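Okay, structure first, notes after.
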Amino acid sequence: MRLLHALAASCAGDDAARCGASAHERSGLALEAQAAIERMLDEGRAPGLDELASMLFVSRSHLCSAFSRETGQSIGRYAKARRIERAKTLIASGNSVAYVAARLGWPRPSAFSQAFKQATGTSPTEWRDASKG
420 MRLLHALAAS CAGDDAARCG ASAHERSGLA LEAQAAIERM LDEGRAPGLD ELASMLFVSR
480 SHLCSAFSRE TGQSIGRYAK ARRIERAKTL IASGNSVAYV AARLGWPRPS AFSQAFKQAT
540 GTSPTEWRDA SKG
């Protein structure tokens, strides 16, 4: 048991090279997180940090620091941007606000509308009308 603790301690932090991980293996965590976020959105679920970290078998703090280091942005900002981009496409295709909210994991259409307007400066309905132009 002590050997396991010593090994875990020696591999903790960002010094993955000491544990035999190549640069390619280290850079894969952000890509895996991005793919997991896309799968969650495909399933109609809002990406959550705890679930992502659990799916990827890493701690929240390790996931956040690795993602930020590898992409230059926080995982939360990335996930929110991906949800909004998908919402833009769905809204422009004529889907209802309620459908898009449910499809992308918002708890209520009003929460989706508020998040959309904050991110884009326009309401989902205004976005749809402008995209028809």
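Residues in the sequence shown are numbered consecutively from 420, following the numbering used here.
All residues carry an ideal CB built from backbone N, CA and C; glycine is no exception.
From a predicted model like this one, the values you see are computed outputs, not experimental measurements.
{"Item": "Assumed close pair LEU482, ARG502 - CB separation to whole angstroms, cut-off 8 angstroms", "Value": "Going by Cβ atoms, the distance from LEU482 to ARG502 rounds to 18 angstroms, so no, they are not a contact pair."}
{"Item": "Cα-Cα separation, LEU468 to ARG479", "Value": "7 angstroms"}
{"Item": "GLY552 classed as buried or exposed, judged by whether at least 16 other C-beta atoms fall within 10 angstroms", "Value": "exposed"}
{"Item": "Backbone secondary structure at GLU451 - three-state DSSP", "Value": "helix"}
{"Item": "Touching by the beta-carbon criterion (3+ pairs, under 8 angstroms), the region 522-542 and the region 494-510", "Value": "yes"}
{"Item": "Proximal residues to VAL477 (C-beta, below 8 angstroms), its chain only, five neighbours per side dropped", "Value": "LEU448 and ALA485"}
{"Item": "Rounded straight-line distance, which links the Cα of ALA455 to that of SER441", "Value": "Caution is warranted here: a pLDDT of 39 is assigned to SER441, below 50, making its placement in the model unreliable, and the coordinate value is therefore given only provisionally. Approximately 22 angstroms between the Cα atoms of the pair."}
{"Item": "Nearest neighbour of GLY513, chosen from ARG464, ARG496 and PRO543 [CA to CA]", "Value": "PRO543"}
{"Item": "Identity of the residue in ALA530, SER529 and GLU451 nearest LEU475 by Cα", "Value": "GLU451"}
{"Item": "Residue closest to ALA472, alpha-carbon to alpha-carbon, out of SER529, GLN453 and ALA534", "Value": "GLN453"}
{"Item": "Endpoints, the alpha helix (DSSP H) within which GLY491 is located", "Value": "From DSSP, GLY491 is part of no alpha helix (DSSP H); its letter is neither H nor E."}
{"Item": "Boundaries of the alpha helix (DSSP H) in which ARG547 is found, first to last residue", "Value": "543-551"}
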